[in-house]
Structures are given as structure tokens and as C-alpha cells.
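In the numbering used here, the protein residues as written are 1 to 109. Cβ coordinates follow ideal geometry from the N, Cα and C atoms, glycine included. Being a predicted model, the structure only gives us computed values, none of them experimental.
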Ligand SMILES: [Zn+2]
């Protein structure tokens, strides 16, 4: 299932975001492994958010809300309407990431 970058529209596989992207950061492998077992609310704690920013990922409240990605052209800005729509859906469905991912996928968000 793919979700799309709010800024450039690049598709990202949700499995990759949930399970693999963390291993592309500068985190030591054992820390990246441990990240997978963290409660959802802790997965974007400042330390991890910073690691993801280091590889070009800016997320909303969850890793499947990709606001900016490594494929974004330099200086690209997020589409404000898509940004607001995704944030609203995330607020509505944030407790159910599977549902959120399916909704993003359905609407090419
Ligand atoms: Zn992008």
C-alpha cells in the first residue's frame, strides 16, 4: 500500500515506512531494531524525528504521513491543501494507522 509525499507526490510503501526506513538513518542497527518495538506514540520522539530529518523525511504525527521526503526537489514546499487534508485525517484516525494508511492510499494522499 502506497502513501504519497505531500510535497513532491513520490509514492512510499507503508511497509517500508513502518519497518525499513529507520535502518536508513544514522541510528546504530540495534537502536533501529529496538525502534520497531516502541509504542506508536514514541516512534517520532524528537530523537527519532531528528534521525529521519537527517535522511530527508519530515513526518506528521506518524511515519505514514510523509510531508517531505528524500525525493523532494531542493526548496520544494508542501502543498498546503494536501497538508491540511492529511493532518485532519490523521487527527480523525491517528489511533488506527492501518485505517489512516488505507484512506491515504484510497485518495492518493
Ligand atoms: Zn517528496
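Short note on residue 51: C-beta not closer than 7 Å to any heavy atom of ligand 1.
For a cut-off of 8 Å, the C-beta gap from residue 90 to residue 100 is around 6 Å, short enough to register as a contact.
Partner residues in the beta bridge of residue 58, as assigned by DSSP, are 68.
Put simply, the backbone Cα of residue 14 is about 6 Å away from that of residue 2. Following the DSSP letters along the chain, one finds residue 12 inside the beta strand (DSSP E) bounded by residues 11-13.
Taking residue 51 as reference, the option from 64, 28 and 107 with the minimal CA-CA separation is 28. For residue 106, there is no enclosing beta strand (DSSP E); the enclosing alpha helix (DSSP H) has its first and last residue at 97-106. The beta-carbon separation of residue 97 and residue 64, rounded to 6 Å, stays under the 8 Å limit for a contact.
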